[in-house]
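Remarks on the structure that follows.
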Amino acid sequence: MSISSQYFEAIADYGGVEGDTNYIAVMKGDVVRLIKKDKEWLTVEKEGYIGKVPKGILIQQENKISSVDMNLQEHAQQNRNREGII
Numbered sequence: 001m002s003i004s005s006q007y008f009e010a011i012a013d014y015g016g017v018e019g020d021t022n023y024i025a026v027m028k029g030d031v032v033r034l035i036k037k038d039k040e041w042l043t044v045e046k047e048g049y050i051g052k053v054p055k056g057i058l059i060q061q062e063n064k065i066s067s068v069d070m071n072l073q074e075h076a077q078q079n080r081n082r083e084g085i086i
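For the sequence shown, counting from 1, position 83 maps to 83 in UniProt numbering; every step adds exactly one.
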């Protein structure tokens, strides 16, 4: 199973569904990682928790986060090079 590197930002608050752990609450500005896309819902991971959020609450942030991921990968490679690990 591959790990998604697609990230989405919440453009509005969503409180989830009280008593149903299949849904996850997000606040405007939260960034979450995509797990699965459905017709009306996105299953996402936020701070170690996984749940569904309506598609209309989230906008894709792939380019913004991809550059962060790239910087982290470059930093990790620099550390490996300093430690003599290739």
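All residues carry an ideal CB built from backbone N, CA and C; glycine is no exception.
Hey, quick one: how far does the beta strand (DSSP E) through residue i stretch, first residue to last?
i     : result
Lys37 : Val31 to Lys37
Ile26 : Checking the sequence, you will find Val at residue 26 rather than Ile. It is not in any beta strand (DSSP E) - Val26 carries neither H nor E in the DSSP assignment.
Ile11 : First-last for Ile11: undefined, no H or E at that position.
Gly44 : Looking at the sequence shown, residue 44 is not Gly but Val. Trp41 to Lys46 is the span of the beta strand (DSSP E), which, as asked, contains Val44.
Ile50 : Tyr49 to Pro54
Going by beta-carbon coordinates alone, are residue i and residue j separated by less than 9 angstroms?
i     : j     : result
Thr21 : Gly48 : no
Glu9  : Leu42 : no
Out of the options, state which residue places its alpha-carbon closest to the alpha-carbon of residue i.
i     : options                     : result
Glu40 : Gly56, Ala25 and Tyr7       : Gly56
Gly16 : Lys37, Tyr7, Lys46 and Gln6 : Lys46
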